[in-house]
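Residue numbers (the numbering used here): 57 to 413.
We put the CB at the ideal spot given by N, CA and C, even for glycine.
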Amino acid sequence: MPAVAGTVLVTGGAGFIGSHTVLELLNLNREVVVVDNLVNAAQGVGKPASLERVERLTGKTVTFYSLDVLDKPALAKVFKQHEIATVIHFAALKAVGESVEKPLAYYRNNVNGTIALLDVMEECGCKSLIFSSSATVYGSPQSLPVDESHPTGVAITNPYGRTKFVIEEILKDLCVADKEFSAVLLRYFNPVGAHASGDIGEDPNGPPNNLMPYVSQVAVGRRPKLQVFGGDYDTPDGTGVRDYLHVVDLAKGHLAALPKSAEPGCHIYNLGTGSGFSVLQVIEAFKKASGRDIPYEVVARRAGDVASLYADSSKAERELGWRAELTIDDMCASAWRWQSRNKYGFLCTAGGGRHQW
Ligand code: NAD
Ligand code: WQD
57 MPAVAGTVLV TGGAGFIGSH TVLELLNLNR EVVVVDNLVN AAQGVGKPAS
107 LERVERLTGK TVTFYSLDVL DKPALAKVFK QHEIATVIHF AALKAVGESV
157 EKPLAYYRNN VNGTIALLDV MEECGCKSLI FSSSATVYGS PQSLPVDESH
207 PTGVAITNPY GRTKFVIEEI LKDLCVADKE FSAVLLRYFN PVGAHASGDI
257 GEDPNGPPNN LMPYVSQVAV GRRPKLQVFG GDYDTPDGTG VRDYLHVVDL
307 AKGHLAALPK SAEPGCHIYN LGTGSGFSVL QVIEAFKKAS GRDIPYEVVA
357 RRAGDVASLY ADSSKAEREL GWRAELTIDD MCASAWRWQS RNKYGFLCTA
407 GGGRHQW
């Protein structure tokens, strides 16, 4: 796979998608520097636990700085010390419900954090960014599958989603103003699963907001049952349909986007599989992968949810040469391997560590 040269700065690289991407970058022998303030990642003995495991899996060392992207002087030092060629910007708060309760915290962290990063990039002459956007920018889809020309910013139901939309607009404006700047906006659909080793994976702090980690925690016995939000949608079985994407495929999508991040301009790609699965189909697939029962009850719809959302990712295939390879069974099997080997996540002490459950 072709790749631009130089050191890659990964913000939020201790998190779920970031740690999987760092692992793939190291496997390609890329120089990687991670910054993360650990607001949503577990501290290990020295480095964050996820990155300690990435080091074990790759046999390579990860350069890590515990810092907030809002801390511009500290961030500028990292840029000056490492001659950063490209930034992959994962650092963000991502809990939809929490964003409704604490909108200012979300705008401050996600939008101001991105502006702080862009200020430092400007100061240090770095003009290449890959941004973690989200299918949430499409709001309630007008047609399916959703491609990149679908309107964005309309009917987004929560502040988290609006932070992603606002950042996209900022990056588009920046690319107009600075003809040398390159921004790649990757709109992820529903990232799930874990590295095949089962040593890194998704480790939510507190009760999971998303389906797959909730199902995993029910299967492993951390939670008694799943609530299925809505059984009366206009879908084949009445439950919500989403485009679940294996996190390893997603991580590889960032590698595929690296050459684009050397081409000035704003480049936008959906990253999904193009196939939708319902909540009940995910439960069935997880039962098969884990051999465990997944007790559930169908309850009222969750505010802000849409019936169906899945991607047209053909642009990424055409222009980046990227296509999701892994199936829903691979997603469930790897999520189960991670969860069953790490019942309580990275900090495996029940009742201890940072976890509440
Ligand atoms: P995550 O919470 O596991 O990782 C985010 C990381 O960013 C965490 O390690 C956190 O400690 C760090 N962070 C947050 N604010 C920071 C700051 N101000 N300074 C430094 N570090 C900071 O989340 P994830 O699932 O890995 O998501 C990564 C990115 O992808 C986020 O931008 C998220 O919005 C986006 N995204 C995620 C999903 C999903 O379903 N997981 C879907 C679409 C988009
Ligand atoms: C999937 C399906 C739920 C939990 C969210 C964000 C989006 C993006 C990805 C970051 C839906 C149902 C869920 C549960 C359930 N994140 N469900 N019981 O809502 O598609 O997307 O994560 O950018 O912005 O909104 O994902 O995993 O929460 O839900 O029945 O306990 O599972 O109603 O149909 P969603 P999800």
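Rounded to the nearest angstrom, how far is the Cβ of Tyr366 from that of Gly332, given a contact under 8 Å? Rounded to whole angstroms, the Cβ separation of Tyr366 and Gly332 is 4 Å, and the two are in contact under 8 Å.
Checklist line | Endpoints, the beta strand (DSSP E) within which Asn246 is located | finding: Asn246 to Val248
| message | Would Val110 and Leu79 be called neighbours here (beta carbons separated by less than 8 Å)? | response | yes
Going by beta carbon distance, what residues of the same chain come within less than 7 Å of Lys103, once the five residues before and after it are set aside?
Val118 and Phe120
Next on the checklist: List, from N- to C-terminal side, the beta strand (DSSP E) runs of 3 residues or more that fit wholly inside the stretch 374-400.
Outcome noted: none
Nonlocal neighbours in the same chain, by C-beta distance under 6 Å from Thr213, ignoring five residues either side: Gly360
**Message:** For a test of the three-state rule: what should DSSP assign to Gly195, helix, strand or coil?
**Reply:** Look at Gly195 here: in three-state DSSP terms it is coil, with no helix or strand label.
Within the stretch 202-278, ranges of the beta strand (DSSP E) (whole runs, at least 3 residues): Here the runs fully enclosed are 238-244 and 246-248.
Handout entry: Alpha-carbon spacing of Ser334 relative to Pro207, whole angstroms
Key = 24 Å
Going by CA-CA distance only, name the one from Leu107, Ala161 and Val303 that's closest to Thr379. Per the sequence presented here, residue 379 reads as Arg, with Thr not at that position. For the residues Leu107, Ala161 and Val303, the minimum Cα distance to Arg379 belongs to Val303.
Quick check on the DSSP output: the alpha helix (DSSP H) that includes Cys180 runs from which residue to which?
Looking at the DSSP string, the run of the alpha helix (DSSP H) that includes Cys180 is Gly169 to Cys180.
Checklist entry - Where does the unbroken alpha helix (DSSP H) through Gly321 begin, and where does it stop? => result Element bounds for Gly321: not the alpha helix (DSSP H) but the beta strand (DSSP E), Gly321 to Leu327.
| Quick check: the stretch 242-258 against the stretch 314-322, are there 3 or more CB pairs under 8 Å? | Result no; under three Cβ-Cβ pairs closer than 8 Å.
Q | When Val271, Ile226 and Val152 are compared against Trp394, the one with the closest alpha-carbon | A | Val271
*Exposure label - Cys355; buried when at least 16 CB within 10 Å*: Looking at the sequence itself, residue 355 is Val, so the reference to Cys does not match. Under this definition Val355 is an exposed residue.
Are the Cβ atoms of Asn93 and Leu65 separated by less than 8 Å?
no
query = Which of the three DSSP states, helix, strand or coil, is assigned to Thr117?
reply = coil
* **As assigned by DSSP and simplified to three states, the class of Trp413** => At Trp413, the pLDDT of 35 sits below 50, so the modelled position is not reliable and the matter cannot be decided from this model.
For Arg243, tell me which candidate among Gly328, Tyr400 and Ala141 has the shortest Cα-Cα distance. Gly328
Among the candidates Ser188, Asn398, Ile144 and Ala252, whose CA atom is the shortest distance from the CA of Lys150?
Ser188
(request) Compute the Euclidean distance between the alpha carbons of Gly69 and Ala307, then round it to the nearest angstrom. (result) 11 Å
Counting along the chain, where does the beta strand (DSSP E) carrying Tyr300 start and finish? Tyr300 to His302
- Keeping to the same chain, check which residues put their C-beta closer than 6 Å to that of Leu336; ignore five residues upstream and five downstream. Asp293 and Thr295
According to DSSP, simplified to helix, strand and coil, what is Thr77?
helix
Could you give the DSSP three-state label for Ile350: helix, strand or coil? coil
- Task: Could you tell me if the beta carbon of Ile73 falls within a distance shorter than 7 Å of some heavy atom in the ligand NAD?
- Result: yes
Residue range of the alpha helix (DSSP H) that includes Gln137 | Per DSSP, the unbroken alpha helix (DSSP H) holding Gln137 starts and ends at Lys128 to His138.
Suppose contacts are defined by Cβ-Cβ distances below 8 Å. Is Glu224 in contact with Asn326 by that definition? no
### Whole-Å CB distance - Ala172 paired with Lys128, under 8 Å assumed
5 Å
### Simplified DSSP state of Asp305, which is helix, strand or coil
helix
* CA-to-CA distance, Ser364 to Val202, given in whole angstroms -> 10 Å
At which residue ranges does the stretch 77-108 contain complete beta strand (DSSP E) runs of 3 or more residues, listed in the order of the chain? 88-92
Q.
Would you say the beta carbon of Lys133 is closer than 7 Å to some non-hydrogen atom of the ligand NAD?
A. no
**OP:** Could you pull out every residue in the same chain whose Cβ sits closer than 8 Å to the Cβ of Glu236, ignoring the five residues on either side in sequence?
**Re:** So the list reads Lys183 and Pro320, once near-sequence residues are dropped.
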